[in-house]
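Colleague:
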Amino acid sequence: GLNGVPSLTNSSFYKELALFIFQNFRNAKKIIELGVGFSPQTAIKLRQLLPRIEIIVVDKNPEALKGLDSYGLKAVQDDLFNPKLEIYRSTDLLYSIHPPLELIEPMKNLAERVKALLLIKPLSEDAYFYGFYKWKQVKLSPCTLYLWRNE
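Its first residue numbered 18, the sequence shown is counted upward by one per residue in this note's numbering.
And the structure:
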């Protein structure tokens, strides 16, 4: 897509992201996608690549979670402005694709509270507005991901 923004029809991006997570976090015990929305392709692919890991998809909208359990995903409704911490305890990696700008900071706060890594693929303009100061940039051609690690 334009400026490295994958169009929602570009399913290859979701697979590439799943492969990136598989290659870099294959020793994880628990991985959670935040704000899965109606694009669960990455989590579904991760489920195939990492059959023994607990993979959870979280969204505020229950409609977005319908049917995902049939893929072997644990689908959980939660509000990231007031997260239920027990869902996220002992998570190795939280990730999110195109989260709303106002959710990036709550996601970072959550990652810090549960001592998880956080990987975000923002929309290009959100990357500009948010800045991602002190985040590590990760290239996943042609996109840039941002990784938050607790110091």
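From the three backbone atoms N, C-alpha and C, an ideal C-beta is built for every residue, glycine too.
These numbers come from a predicted model, not from an experiment.
At the level of alpha carbons, what is the spacing between GLY18 and THR59?
Modeller: With a pLDDT of 38 at GLY18, under the threshold of 50, the modelled position of that residue is not reliable, and no figure is offered here.
Colleague: In whole angstroms, what separates the C-alpha of LEU120 from that of GLY54?
Modeller: Their Cα atoms are separated by approximately 13 Å.
Colleague: For ALA92, which three-state DSSP category applies?
Modeller: ALA92: strand per DSSP, three-state reduction.
Colleague: May I ask you to report which of helix, strand or coil DSSP gives ASP76?
Modeller: In this structure, ASP76 counts as strand in the three-state DSSP scheme.
Colleague: Is the beta carbon of ALA92 sitting closer than 8 Å to the one on LEU66?
Modeller: No.
Colleague: What span of residues does the alpha helix (DSSP H) with ILE61 cover, start to end?
Modeller: Note, ILE61: alpha helix (DSSP H), 58–66.
Colleague: Can the beta-carbon of TYR112 be found less than 8 Å from the beta-carbon of ILE38?
Modeller: For TYR112 and ILE38, yes; Cβs fall inside 8 Å.
Colleague: State yes or no: is the C-beta of ILE49 within less than 8 Å of the C-beta of PHE42?
Modeller: The answer is no: Cβ separation not under 8 Å.
Colleague: Is TYR163 helix, strand or coil by DSSP?
Modeller: The answer is strand: DSSP assigns TYR163 an E or B state.
Colleague: Measuring only the C-alpha atoms, how far is LEU85 from GLY52?
Modeller: The alpha-carbon atoms of LEU85 and GLY52 are separated by roughly 13 Å.
Colleague: Which same chain residues end up closer than 8 Å to LEU90 when comparing Cβ atoms and leaving out the 5 residues on each side of it in sequence?
Modeller: PRO57, ALA60, ILE61, ARG64, ILE72, ILE73, VAL74.
Colleague: Check for me: the alpha helix (DSSP H) holding TYR105 runs from which residue to which?
Modeller: Taken as a continuous stretch (DSSP letters only), the alpha helix (DSSP H) holding TYR105 covers 102–105.
Colleague: Which partner residues does TYR112 have in the DSSP bridge list?
Modeller: Answer by DSSP bridge pairing, in chain order: GLU50, LEU136.
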